[in-house]
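Enquirer:
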Ligand code: ARG
């Protein structure tokens with residue numbers, strides 16, 4: 001059951017083709033919703049320029065060639081040459097019936113691609129910051145949406161589990177004692193462990209020396225050092241998983257592919273680049289210089305793949321990720337859901353990988369750029385004392401804020417219900433706030449606004465779903481006949497049109513990777529339903545109309561609930 005847009009677009013295109021010949025076959029049917037009709041085609045205007053004809057005459061010729069007998073009641077030319085198309089009630093009714101018969105509610109099953117998504121990627125023995133929260137939430141929504149569209153999604157959690165800080169972290173672990181409370185704090189408050197190690201490293205010369213030789217032992221593969229490193233990793237995984245569970249994020253240990261997992265590839269990466277003449281030694285470091293990448297004063301900008309001390313860095317590891325994802329994971333598309341400032345890094349890594357033949361033209365890497373989360377002062381979100389926020393504390397606060405809002409708005413609910421609702425509303429609110437703005441723009445983290453019952457919030461949407469569910473509880477047994485839907489009222493028409501768009505919107509989000517479009521759609525749908533609910537009595541209507549309105553209500557419930565599920569947001573039974 002294609003949307004109205006998808007139904008009419010090829011018909012308008014065919015009419016253009018018939019009226020003016022195949023050289024105009026590529027002309028865009030330009031269909032937009034309009035206040036005067038269900039859809040309006042603006043195609044005659046640009047065509048008139050190409051043809052050197054008056055636009056209204058072009059519109060007239062298109063209309064004469066247009067065969068929309070089974071779809072539209074009315075076709076009208078208006079203004080300078082717009083074509084207004086009004087769908088027939090009968091077409092709308094049968095399109096809604098077809099939507100009911102489709103268990104996927106219009107979401108297409110697409111030709112499966114292998115898609116690798118790099119997201120979350122926190123660092124071991126460090127706090128996850130709000131930036132990590134956002135890549136986690138956005139990446140997870142994309143993974144869910146693409147999987148639902150039929151693609152094979154491989155999640156890659158590129159955690160920071162390697163590098164020089166492990167020298168001091170391991171020495172600090174030895175100082176406090178493995179298994180001690182001070183070591184176990186990594187499971188709940190990793191930053192306090194990190195800070196303690198850092199303070200010693202900065203103030204205690206003997207400790208710093210130990211830390212440095214520990215790095216050498218780690219890189220040299222010393223067994224005991226690797227065991228200690230593994231211990232820190234396990235403690236950190238505990239923390240990450242606690243956050244993921246709390247957030248309802250689909251990442252598991254099986255998705256971990258941290259920096260360390262590429263250790264065995266890095267020498268090969270450098271050798272292949274050297275052998276191919278792509279990398280050259282400059283000031284002792286192995287570098288790649290690429291056309292078009294210049295730094296300040298036009299100086300060529302190097303991508304350093306091996307430092308002068310022989311160590312490898314972030315760029316080398318990311319080159320290895322491209323190679324691995326194409327060669328071993330057979331990726332058709334690769335998404336890096338990472339902070340916007342890393343865009344130059346990724347561009348250089350991909351350009352190098354293309355040159356080296358690790359990234360064929362058929363594979364498209366995409367940087368899903370993640371913007372900053374700001375505090376009310378419009379600066380990067382911090383605690384009042386200026387320290388980085390503890391993510392778990394932030395989530396606790398979100399749940400507490402939700403609880404207070406529920407207590408205030410819904411005093412009639414039992415204590416038990418309110419307790420159960422608070423995490424669903426609070427966590428949903430945090431995730432939705434991240435998802436409902438373009439992923440590359442900044443937004444202000446404001447819990448009170450996020451848990452509001454009015455406005456573009458998850459709570460509003462959760463409430464809308466709960467309302468549709470309660471209508472069905474009150475309706476008793478509902479028997480839906482085959483030709484159940486009759487559309488007569490304008491509010492029914494608006495709702496039917498919106499419901500028919502659901503599949504297109506999900507599919508589009510899978511293409512453009514912008515979950516906020518799904519949020520906007522769901523919010524509009526919930527508002528359209530609200531107007532319908534006000535104007536069109538459901539349970540009190542006569543049987544035929546009642547059945548039809550219940551069909552529209554059921555489809556609204558399904559689109560909202562599935563839409564929220566694809567965003568990773570719970571839908572409580574009652575609100
Ligand atoms: N761990 C990094 C950070 O915290 C993010 C890694 C992103 N993924 C990647 N393939 N570079 O900033």
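In the working numbering, the protein residues as written are 1 to 575. Ideal Cβ placement from N, Cα and C applies to all residues, glycine included. Computed from a predicted model, the values in this text were never measured in an experiment.
For a test of the three-state rule: what should DSSP assign to residue 426, helix, strand or coil?
Expert: Position 426 of the chain shown, counting from 1, holds the residue named residue 426. Residue 426: helix per DSSP, three-state reduction.
Enquirer: Quick check on DSSP: helix, strand or coil for residue 336?
Expert: Walking along the chain shown from the start, residue 336 turns up at place 336. Three-state result, residue 336: strand.
Enquirer: Apply the 10 Å Cβ neighbour rule to residue 511 and answer buried if 16 or more other Cβ atoms are within range, or exposed otherwise.
Expert: Numbered from its first residue, the chain shown carries residue 511 at position 511. Burial call: exposed.
Enquirer: The alpha helix (DSSP H) that contains residue 129, what's its start and end?
Expert: Counted from its first residue, the chain shown places residue 129 at position 129. Segment: none, residue 129 is in no alpha helix (DSSP H) and carries neither H nor E.
Enquirer: Just to confirm, does residue 151 get its C-beta within under 6 Å of one of the non-hydrogen atoms of the ligand ARG?
Expert: Here the question's residue 151 lines up with position 151 in the chain shown. No, the beta carbon of residue 151 sits no closer than 6 Å to any heavy atom of the ligand ARG.
Enquirer: Residues in the same chain with beta-carbon distance under 6 Å from residue 448, minus the five sequence neighbours each way, listed in chain order, please.
Expert: Taking the chain shown and counting its residues from 1, one reaches residue 448 at position 448. Cβ within range, chain order: n/a, list empty.
Enquirer: Please state whether DSSP places residue 443 in a helix, a strand or coil.
Expert: Against the chain shown, residue 443 aligns to sequence position 443. Three-state result, residue 443: strand.
Enquirer: Considering only DSSP beta bridges, list what residue 369 is partnered with.
Expert: Mapped onto the chain shown, residue 369 falls at position 369. DSSP, once it has assigned bridges, lists 338 as partnering residue 369.
Enquirer: With respect to the beta strand (DSSP E) encompassing residue 285, which residues constitute its N-terminal and C-terminal limits?
Expert: Locating residue 285 in the chain shown gives position 285, counting from the first residue. From DSSP, the beta strand (DSSP E) with residue 285 extends over 285–294.
Enquirer: Any heavy atom of the ligand ARG inside 6 Å of the beta-carbon of residue 139?
Expert: Locating residue 139 in the chain shown gives position 139, counting from the first residue. Residue 139: no, Cβ never under 6 Å from the ligand ARG.
Enquirer: Check whether the Cβ of residue 626 sits closer than 6 Å to any heavy atom of the ligand ARG, and report yes or no.
Expert: Since the first residue shown for the chain is 1 and the last is 575, residue 626 is missing from the structure and cannot be characterised.
Enquirer: Here's a check: name, in chain order, each residue in its chain whose Cβ is nearer than 6 Å to the Cβ of residue 430, leaving out the five neighbours to either side.
Expert: To locate residue 430, count along the chain shown from 1; it is residue 430. These residues qualify, in order along the chain: 398.
Enquirer: So, for residue 470: in the same chain, excluding its five sequence neighbours on each side, which residues have a beta-carbon less than 8 Å away from its beta-carbon?
Expert: In the chain shown, counting from the first residue as 1, residue 470 sits at position 470. 574, listed in sequence order.
Enquirer: Pairs of beta-carbons, one from the stretch 163–172 and one from the stretch 201–212, closer than 8 Å: are there three or more?
Expert: Yes: the two stretches touch, three or more of their Cβ pairs being nearer than 8 Å.
Enquirer: Does the distance from the C-beta atom of residue 366 to that of residue 319 stay below 7 Å?
Expert: Residue mapping note: residue 366 aligns to position 366 of the chain shown, counting from 1. Residue mapping note: residue 319 aligns to position 319 of the chain shown, counting from 1. Contact flag unset, no.
Enquirer: Is residue 334 near the ligand ARG, going by C-beta to nearest heavy atom under 6 Å?
Expert: In the chain shown, counting from the first residue as 1, residue 334 sits at position 334. Checking the Cβ of residue 334 against the ligand ARG gives no.
Enquirer: Taking 8 Å as the limit between beta carbons, can you name the residues of its chain near residue 544, skipping five residues before and five after?
Expert: Along the chain shown, one-based indexing puts residue 544 at 544. Correct list, in chain order: 486.
Enquirer: With a threshold of 16 other CB atoms inside 10 Å of the CB of residue 232, please say whether the residue is buried or exposed.
Expert: The count along the chain shown starts at 1 and reaches residue 232 at position 232. Buried: at least 16 other Cβ atoms inside 10 Å.
Enquirer: Would the beta-carbon of residue 123 be found less than 6 Å away from any heavy atom of the ligand ARG?
Expert: Translated into the one-based positions of the chain shown, residue 123 becomes position 123. Checking the Cβ of residue 123 against the ligand ARG gives yes.
Enquirer: Let me check you understand the geometry: is the CB of residue 328 closer than 6 Å to at least one non-hydrogen atom of the ligand ARG?
Expert: Your numbering for residue 328 matches position 328 in the chain shown. Residue 328 Cβ: outside cutoff for every heavy atom of the ligand ARG.
Enquirer: Rounded to the nearest angstrom, what separates residue 306 and residue 463 at their Cα positions?
Expert: Residue numbering aside, residue 306 sits at position 306 when the chain shown is read from its first letter. Residue numbering aside, residue 463 sits at position 463 when the chain shown is read from its first letter. Their Cα atoms are separated by approximately 55 Å.
Enquirer: If you measure from the CB of residue 338, is any heavy atom of the ligand ARG nearer than 6 Å?
Expert: Your numbering for residue 338 matches position 338 in the chain shown. Yes.
Enquirer: Any heavy atom of the ligand SAH closer than 6 Å to the beta-carbon of residue 160?
Expert: Annotation note on the ligand SAH: not contained in the displayed structure, which lists the ligand ARG as its ligands.
Enquirer: By alpha-carbon positions, which one of 287, 436, 372, 390 ends up nearest to residue 455?
Expert: Mapped onto the chain shown, residue 455 falls at position 455. Nearest option by C-alpha distance: 436.
Enquirer: Using only the alpha-carbon positions, how far apart do residue 427 and residue 555 sit?
Expert: As a first step, residue 427 is located in the chain shown; it is residue number 427 there, counting from the start. As a first step, residue 555 is located in the chain shown; it is residue number 555 there, counting from the start. Their backbone Cα atoms lie some 26 Å apart in a straight line.
Enquirer: Taking only the alpha-carbon atoms, compute the straight-line gap between residue 515 and residue 22 and give it to the nearest angstrom.
Expert: Within the chain shown, residue 515 is the residue found at index 515, counting from 1. Within the chain shown, residue 22 is the residue found at index 22, counting from 1. Rounded to whole angstroms, residue 515 to residue 22 spans 37 Å at the Cα level.
Enquirer: Jot down the residue ranges of each uninterrupted alpha helix (DSSP H) in the stretch 82–149, minimum 4 residues, whole runs only, in chain order.
Expert: As far as the stretch 82–149 is concerned, its whole alpha helix (DSSP H) runs of at least 4 residues are 89–101, 130–148.
Enquirer: Counting pairs of beta carbons, one from the stretch 344–358 and one from the stretch 127–145, are three or more of them closer than 8 Å?
Expert: At 8 Å Cβ cutoff, the stretches do not touch.
Enquirer: Is the beta carbon of residue 348 less than 7 Å from the beta carbon of residue 293?
Expert: In the chain shown, the residue the question calls residue 348 occupies position 348. In the chain shown, the residue the question calls residue 293 occupies position 293. Their beta carbons are under 7 Å apart, which means residue 348 touches residue 293 by this criterion.
Enquirer: Would you check if there are 3 or more beta carbon pairs closer than 8 Å linking the stretch 87–102 to the stretch 137–146?
Expert: The stretch 87–102, when compared against the stretch 137–146, does not touch it at the 8 Å Cβ threshold.
Enquirer: What distance in whole Å lies between the Cβ atoms of residue 91 and residue 70, which are believed to be in contact at a cut-off of 8 Å?
Expert: Residue 70 sits at position 70 when you count from the first residue of the chain shown. Residue 91 sits at position 91 when you count from the first residue of the chain shown. About 6 Å separates the two Cβ atoms, so the contact holds.
Enquirer: How about residue 451 and residue 561: do their beta carbons lie closer than 7 Å?
Expert: Reading the chain shown from its first residue, position 451 is the one you call residue 451. Reading the chain shown from its first residue, position 561 is the one you call residue 561. Cβ distance not < 7 Å, so residue 451 and residue 561 don't count as in contact.
Enquirer: Using only alpha-carbon positions, find the residue among 170, 328, 154 that is nearest to residue 253.
Expert: Locating residue 253 in the chain shown gives position 253, where the first residue counts as 1. Considering only alpha carbons, the answer is 154.
Enquirer: Should residue 580 and residue 468 be called a contact, given that it needs their Cβ atoms to be closer than 7 Å?
Expert: Residue 580 cannot be examined here, being either before or after the span of the chain that is shown, 1 to 575.
Enquirer: Return the chain-ordered list of same chain residues with a C-beta closer than 6 Å to the C-beta of residue 442, the five sequence neighbours on each side being excluded.
Expert: To locate residue 442, count along the chain shown from 1; it is residue 442. Closer than 6 Å at Cβ, skipping near neighbours: 371, 372, 374.
Enquirer: Could you check whether the Cβ of residue 318 sits closer than 6 Å to any heavy atom belonging to the ligand ARG?
Expert: Here residue 318 refers to the residue found at position 318 when the chain shown is read from its first residue. At least one heavy atom of the ligand ARG is nearer than 6 Å to the Cβ of residue 318, so yes.
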